[in-house]
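J.:
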Amino acid sequence: KAKIPVIAIDGPTASGKGTVAQKVAQQLGFHYLDSGALYRLTALSVLRRGIALDDEHALAKAAEHLHCHFDGAHIFLANEDVTQAIRAEEVGNTASRIAALITVRQALYALQLSFRKSPGLVADGRDMGTVIFPNARLKVFLTASVEARATRRYKQLIDKGFSANIEDLSRDLKERDERDMSRSSAPLKPAEGAYHLDTSDMTADEAVQQVLSWYAALGH
Ligand code: CDP
Ligand code: CDP
Numbered sequence: 003k004a005k006i007p008v009i010a011i012d013g014p015t016a017s018g019k020g021t022v023a024q025k026v027a028q029q030l031g032f033h034y035l036d037s038g039a040l041y042r043l044t045a046l047s048v049l050r051r052g053i054a055l056d057d058e059h060a061l062a063k064a065a066e067h068l069h070c071h072f073d074g075a076h077i078f079l080a081n082e083d084v085t086q087a088i089r090a091e092e093v094g095n096t097a098s099r100i101a102a103l104i105t106v107r108q109a110l111y112a113l114q115l116s117f118r119k120s121p122g123l124v125a126d127g128r129d130m131g132t133v134i135f136p137n138a139r140l141k142v143f144l145t146a147s148v149e150a151r152a153t154r155r156y157k158q159l160i161d162k163g164f165s166a167n168i169e170d171l172s173r174d175l176k177e178r179d180e181r182d183m184s185r186s187s188a189p190l191k192p193a194e195g196a197y198h199l200d201t202s203d204m205t206a207d208e209a210v211q212q213v214l215s216w217y218a219a220l221g222h
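Following full-length UniProt numbering, the numbering of the sequence shown begins with 3 at its first residue and continues without gaps.
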């Protein structure tokens, strides 16, 4: 199992991880893990059930008993298609809060490992290269300026029919970065040996090409 290659793509919110990871997976015919979706699914489940954000025991239980499945680009919680619902900013912000709890992270650990299947996996998140797949064949740390990321997230939300404004998004984004980088358990930081890619002035396709060429250069 250790031989099944993993490409780990980590970075802050709206750096383009999801877009780039999905396209790289498509190009290579690899499986894809959107680890952030697992934290978002847990958050949605918690919000809907009215679980208090300081009830650590109940939060961990919700993560442990997450009934979700992935079908192509669609994400289901129990049998409901929540592909759109989990993208709401409130869900992202709640995800970031509960993701600081080690018990929640532990509850989602085995589920994440189970995505590593032949012929390979591209996984994106915050701790793919540092904690979940420390022996990944390629580790990439994607970044982009706050301005570029807020603009990207704004466009995405508007396209999905949510309302949004750039000032609130920039503020939320900085808050989320801060929380993700400063938490004691699996903080957002580049993995050792990670290739850094600042995509502020790049298209998603250019970023994809860079990742693919790094991967090809490793030989296998
Ligand atoms: O799309 P965006 O980058 O905003 O967030 P996401 O990747 O969907 O993840 C939502 C939240 O889950 C993040 O703010 C992180 O706090 C948390 N997360 C994490 O802690 N570890 C991961 N591997 C993935 C996400
Ligand atoms: O997963 P993460 O939160 O890091 O970002 P995402 O959900 O992939 O969103 C990034 C958005 O910015 C998408 O709408 C992309 O089309 C766009 N984008 C990108 O991903 N990479 C670039 N270099 C430029 C734009």
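Where is the CB? At the ideal position from N, CA and C, for every residue including glycine.
If you compare alpha carbons, which of Ile9, Ala146, Gly13, Lys5 is closest to Pro189?
T.: Walking along the sequence shown from the start, residue 189 turns up at place 187. Selected option, being the one with the closest Cα: Gly13.
J.: Does the Cβ of Ser98 lie closer than 7 Å to at least one heavy atom of ligand 1?
T.: Within the sequence shown, the letter at position 96 stands for residue 98. Yes, Cβ of Ser98 sits closer than 7 Å to a heavy atom of ligand 1.
J.: For Lys19, name the three-state secondary structure that DSSP assigns.
T.: Locating residue 19 in the sequence shown gives position 17, counting from the first residue. Reduced to three states, the DSSP call for Lys19 is helix.
J.: Below 8 Å on the Cβ atoms is my guess for Ile53 versus Leu61; work out the distance and round it to an integer in Å.
T.: As a working note, residue 53 is residue 51 in the sequence shown. As a working note, residue 61 is residue 59 in the sequence shown. Correct: roughly 6 Å between the Cβ atoms.
J.: Just checking Met183 against ligand 2 - is the residue's beta carbon closer than 7 Å to any of the ligand's heavy atoms?
T.: Residue mapping note: residue 183 aligns to position 181 of the sequence shown, counting from 1. Flag unset: Cβ of Met183 not near ligand 2.
J.: With distances taken from CA atoms, which of Asp126, Glu92, Ala97 is nearest Ala27?
T.: On the sequence shown, position 25 is the one that residue 27 refers to. When only C-alpha atoms are compared, the closest one is Asp126.
J.: Would you mind working out which of Leu49, Asn81, Glu58, Ile100 sits nearest Gly38, comparing C-alpha positions?
T.: For this step, residue 38 is matched to residue 36 along the sequence shown. With distances taken between Cα atoms, Gly38 lies closest to Ile100.
J.: Is the beta carbon of Ala45 less than 8 Å from the beta carbon of Arg151?
T.: As a working mapping, residue 45 is identified with position 43 in the sequence shown. As a working mapping, residue 151 is identified with position 149 in the sequence shown. Not a contact, by the Cβ cut-off of 8 Å.
J.: So which of Gln86, Ile134, Glu208 has the shortest CA-CA distance to His76?
T.: For this step, residue 76 is matched to residue 74 along the sequence shown. It is Gln86 whose Cα lies nearest to the Cα of His76.
J.: Under a three-way DSSP split, which group does Ile53 fall into?
T.: Within the sequence shown, numbered from 1, the residue matching residue 53 stands at position 51. Reduced to three states, the DSSP call for Ile53 is coil.
J.: Whose C-beta lies closer than 6 Å to the C-beta of Met130 among residues of the same chain, with five residues either side of it excluded?
T.: For this step, residue 130 is matched to residue 128 along the sequence shown. Ala10, Asp12.
J.: Under the rule that 16 or more other beta-carbon atoms within 10 Å means buried, what is Pro7, buried or exposed?
T.: Here residue 7 corresponds to residue number 5 of the sequence shown, with the count starting at 1. Buried, by the Cβ-count rule.
J.: What residues match up with Asp126 in a beta bridge as DSSP calls it?
T.: Here residue 126 refers to the residue found at position 124 of the sequence shown. Its beta-bridge partners are Ile11, Asp36.
J.: Within a Cβ cutoff of 8 Å, which residues of the same chain sit near Leu49, ignoring the five residues on either side of it in sequence?
T.: Numbered from its first residue, the sequence shown carries residue 49 at position 47. Cβ within range, chain order: Glu92, Val93, Thr96.
J.: In the DSSP assignment, find the unbroken alpha helix (DSSP H) run with Thr105 in it and report its ends.
T.: Translated into the one-based positions of the sequence shown, residue 105 becomes position 103. Unbroken alpha helix (DSSP H) run through Thr105: 104-109.
J.: Given Tyr217, which residues of its chain have a CB within under 7 Å of its CB, disregarding the five upstream and five downstream residues?
T.: Against the sequence shown, residue 217 aligns to sequence position 215. These residues qualify, in order along the chain: Ile9, Leu140.
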